[in-house]
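A short write-up of the structure that comes next.
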Amino acid sequence: MVEKWLLAGSNAHGVVGKTDGDCRRFTAITDTDGAVIDGTAEVLFVCWSQVVCTIDYPSGCSVRQVFGDHNGIAGVLDHDGKIYMSKEDFKTTAGPPHLNLLSLNGNQPVSHITVAGNGRVAVALKSDLSTDSTLVEEFEDIHHFKARYDTGGEQQGHQRGKQYTIPGQLRDLTSNNSIFACLTESGEVFTWGDARYHGLGRSIHGPTDSPKDQPGVVESLGGIKIVKLCADGWIFAALSEDKAVYLFAALTPGGEHTLRLEGDVQAGGMSLVDIPDAQGNPHDFDDIAIGSGHVLLLCTSGSVSAIGDNKAGQIGTGSLTEHIDQWTEVLSGGCLSIKAGARISLLRAVTS
Numbered sequence: 005m006v007e008k009w010l011l012a013g014s015n016a017h018g019v020v021g022k023t024d025g026d027c028r029r030f031t032a033i034t035d036t037d038g039a040v041i042d043g044t045a046e047v048l049f050v051c052w053s054q055v056v057c058t059i060d061y062p063s064g065c066s067v068r069q070v071f072g073d074h075n076g077i078a079g080v081l082d083h084d085g086k087i088y089m090s091k092e093d094f095k096t097t098a099g100p101p102h103l104n105l106l107s108l109n110g111n112q113p114v115s116h117i118t119v120a121g122n123g124r125v126a127v128a129l130k131s132d133l134s135t136d137s138t139l140v141e142e143f144e145d146i147h148h149f150k151a152r153y154d155t156g157g158e159q160q161g162h163q164r165g166k167q168y169t170i171p172g173q174l175r176d177l178t179s180n181n182s183i184f185a186c187l188t189e190s191g192e193v194f195t196w197g198d199a200r201y202h203g204l205g206r207s208i209h210g211p212t213d214s215p216k217d218q219p220g221v222v223e224s225l226g227g228i229k230i231v232k233l234c235a236d237g238w239i240f241a242a243l244s245e246d247k248a249v250y251l252f253a254a255l256t257p258g259g260e261h262t263l264r265l266e267g268d269v270q271a272g273g274m275s276l277v278d279i280p281d282a283q284g285n286p287h288d289f290d291d292i293a294i295g296s297g298h299v300l301l302l303c304t305s306g307s308v309s310a311i312g313d314n315k316a317g318q319i320g321t322g323s324l325t326e327h328i329d330q331w332t333e334v335l336s337g338g339c340l341s342i343k344a345g346a347r348i349s350l351l352r353a354v355t356s
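And the structure:
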């Protein structure tokens, strides 16, 4: 038995074998010579049709996070809060990008970076553990963010982005097409951004509600300690300390298929995922991964279930159906971790 990375979905860059056609069943990822990549290799970044395992950055950089969008990698954030980015615009290319250290211009080191699907960028600044809040800064796009943090940015008059104060220390910061979501160490979730399609997962019209363009707590998760957030497309999801998964799906504009939520839940509401095991008991979950329209869940048993968009075969069952509207088991066991790109599903699994 060996560990392998398995891919289903868009294969435009030949991640699986020499073909560039969609891969509608989970197939082992190979290198440029066709050799199967060891499952112990770290996958650093996944976008619409790329899986990146190596990045050319200076020695001594201890990677905390690789950030970018569906076009590819924008940069790397290290554990000291330093930012490494390419001098060129980031694009979908076959080779690993070369990244250079940005000067922070005296700015506070960074703890988290996320790039939303609409191009907007949110940055959480490192704060002392003794402080009870975190400063988050939002930029119009990656170019304004880079200009602010790169050499000469401050001297050339590049302005700071919109700033927000989040109560508590941040554990994670993520985004989907047009919404930012952050998770505090205490387990609270805050969202802000585009509310047109009811995707914030919270109310914005009450007298005490935070407006759409400012971080507001997702009250439907009140009393539940969340340990991980995941987001993409018009979806975001939360994994709780007690291994439950909560899904929030916007009413996608002009979309033929809206992600099916359990029970009578309207778009923008919260859905507790309930997938029964062979004995009829609800599964517990260890991880979540989201593409632009599909969701993967890793059960504590090692099985994987999926739902949603299947136009590129990213559900991985071989089905030609473009949208899978019921939770479907795609691997019966042996899965160690999961990842997703826009139209890609990745499983790290023990196989024969």
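Numbering of the sequence shown is given in the numbering used here, commencing with residue 5 and proceeding in unit increments. For glycine and all other residues, C-beta sits at the position ideal for the given N, C-alpha and C.
Whole angstroms are fine: how far does the CA of residue j sit from the CA of residue i?
{"i": "Asp-268", "j": "Tyr-88", "result": "The pLDDT assigned to Asp-268 is 44, lower than 50, so where the model puts this residue is not dependable, and the model offers no usable value."}
{"i": "Phe-184", "j": "Val-19", "result": "30 Å"}
{"i": "Ile-117", "j": "Asn-181", "result": "15 Å"}
{"i": "Phe-149", "j": "Ser-107", "result": "12 Å"}
{"i": "Leu-251", "j": "Gln-283", "result": "24 Å"}
{"i": "Ser-309", "j": "Gln-318", "result": "12 Å"}
{"i": "Tyr-153", "j": "Ala-254", "result": "33 Å"}
{"i": "Ser-214", "j": "Asp-136", "result": "19 Å"}
{"i": "His-147", "j": "Arg-29", "result": "38 Å"}
{"i": "Gly-337", "j": "Thr-304", "result": "9 Å"}
{"i": "Val-249", "j": "Ser-275", "result": "8 Å"}
{"i": "Leu-177", "j": "His-102", "result": "25 Å"}
{"i": "Thr-96", "j": "Gly-76", "result": "A caution first: Thr-96 carries a pLDDT of 46, below 50, which makes its placement in the model too unreliable to give a value."}
{"i": "His-327", "j": "Ala-346", "result": "14 Å"}
{"i": "Ala-78", "j": "Ser-179", "result": "15 Å"}
{"i": "Asn-111", "j": "Asp-37", "result": "44 Å"}
{"i": "Ser-131", "j": "Cys-339", "result": "36 Å"}
{"i": "Ser-341", "j": "Pro-211", "result": "42 Å"}
Pop quiz: residue i and residue j are said to be a contact at Cβ under 8 Å. What is the actual Cβ separation, rounded to whole angstroms?
{"i": "His-287", "j": "Ile-279", "result": "5 Å"}
{"i": "Leu-372", "j": "Leu-350", "result": "Residue 372 is absent from the structure shown; the chain starts at 5 and stops at 356."}
{"i": "Leu-324", "j": "Ile-292", "result": "About 26 Å; that fails the 8 Å criterion."}
{"i": "Gln-167", "j": "Thr-138", "result": "About 11 Å; that fails the 8 Å criterion."}
{"i": "Ile-170", "j": "Thr-188", "result": "7 Å"}
{"i": "Trp-238", "j": "Gly-205", "result": "So it is not a contact: roughly 11 Å between Cβ atoms."}
{"i": "Phe-194", "j": "Gly-220", "result": "6 Å"}
{"i": "Val-80", "j": "Gly-43", "result": "Val-80 to Gly-43, Cβ: 23 Å. No contact."}
As a quick exercise: from the options, pick the residue whose alpha carbon is nearest that of residue i.
{"i": "Asp-35", "options": "Arg-29, Tyr-153, Lys-8, Ser-14", "result": "Lys-8"}
{"i": "Ala-344", "options": "Val-6, Phe-49, Asp-198, Glu-142", "result": "Phe-49"}
{"i": "Gly-360", "options": "His-74, Gln-167, Ile-342", "result": "Residue 360 lies beyond the range of the chain shown here (5 to 356); nothing can be said about it."}
{"i": "Glu-359", "options": "Thr-44, Glu-192, Gln-173", "result": "Since the first residue shown for the chain is 5 and the last is 356, residue 359 is missing from the structure and cannot be characterised."}
{"i": "Cys-27", "options": "Gly-38, Ile-33, Ser-14", "result": "Ser-14"}
{"i": "Val-67", "options": "Ala-39, Gly-76, Val-40, Ser-115", "result": "Ser-115"}
{"i": "Lys-232", "options": "Asp-217, Gly-38, Leu-301, Gly-121", "result": "Leu-301"}
{"i": "Gly-64", "options": "His-83, Gly-72, Trp-52", "result": "His-83"}
{"i": "Phe-289", "options": "Asp-329, Ala-241, Gly-312, Gly-320", "result": "Ala-241"}
{"i": "Ser-307", "options": "Val-354, Asn-314, Gly-297", "result": "Val-354"}
{"i": "Leu-129", "options": "Arg-164, Ser-341, Ala-120", "result": "Arg-164"}
{"i": "Ile-59", "options": "Asp-313, Asn-104, Ile-348", "result": "Asn-104"}
{"i": "His-298", "options": "Arg-352, Asp-281, Ala-235, Lys-247", "result": "Ala-235"}
Under 9 Å, Cβ to Cβ, is there at least one residue of chain D near residue i?
{"i": "His-202", "result": "Considering every chain present, this structure includes no chain D. It has just one protein chain."}
Starting from the C-beta of residue i, find all residues in its chain whose C-beta is less than 6 Å away, skip the five residues before and the five after it, and write them out in chain order.
{"i": "Lys-216", "result": "Ala-199, Ile-208"}
{"i": "Val-125", "result": "Val-119, Phe-143, Ile-146, Phe-149"}
{"i": "Gly-121", "result": "Asn-181"}
Excluding sequence positions up to five away, which residues of its chain have a Cβ less than 8 Å from the Cβ of residue i?
{"i": "Gly-25", "result": "Asn-15"}
{"i": "Cys-57", "result": "Ile-41, Ala-45, Glu-46, Val-47, Leu-48"}
{"i": "Thr-332", "result": "Ser-309, Ala-310, Ile-311, Ile-319, Thr-321"}
Can you pull the DSSP bridge partners for residue i?
{"i": "Lys-8", "result": "Asp-42, Ala-353"}
{"i": "Leu-187", "result": "Asp-176, Val-193"}
{"i": "Glu-144", "result": "Glu-144 is not bridged to any residue."}
{"i": "Thr-332", "result": "Ala-310"}
To which residues of the same chain is residue i closer than 7 Å at the C-beta, ignoring the five residues directly before and after it?
{"i": "Gln-218", "result": "Tyr-168, Trp-196"}
{"i": "Gly-85", "result": "Pro-113, Val-114, Ser-115, Lys-130"}
Under the criterion of a Cβ to heavy atom distance below 8 Å, does residue i qualify as lining the ligand ATP?
{"i": "Gln-112", "result": "Only the bare structure without any ligand can be found here, which leaves the ligand ATP out of the picture."}
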